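Notes follow the structure.
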Amino acid sequence: EIIPLKEIKKEAIIEALNVANWNIKKTAELLGIGRRSLHRYIKDYNIVNNGTITINP
């Protein structure tokens, strides 16, 4: 089954947000995009910070 590109992008953004502890500047740098673009993706994909943060050892 092929996963839609939109879902892949959304998951990548969520993972990067968690890695950067929802720091927008760090997340944008990790993804190689601008902060304004990141804000737009968060809004467009209805991504919310539910308080769950993944800590990588």
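Residues in the sequence shown are numbered from 15 upward in steps of one, following the numbering used here.
For each residue, glycine too, the CB sits at the ideal point set by N, CA and C.
Predicted, not measured: the structure shown is a model, and the values here were computed from it.
Verify whether the separation of the beta carbon atoms of A42 and L52 is less than 7 angstroms.
In contact: A42 and L52 (Cβ atoms closer than 7 angstroms).
Using only CA atoms, which one of K39, N60, Y59, L44 lies nearest to R50?
Relative to the Cα of R50, the nearest Cα in the group K39, N60, Y59, L44 belongs to K39.
Kindly indicate which residue of E21, L44, G46 has the alpha-carbon position closest to the one of I61.
It is E21 whose Cα lies nearest to the Cα of I61.
Taking its Cβ as the centre, do 16 or more other Cβ atoms sit within 10 Å of I17, making it buried, or is it exposed?
I17 comes out exposed.
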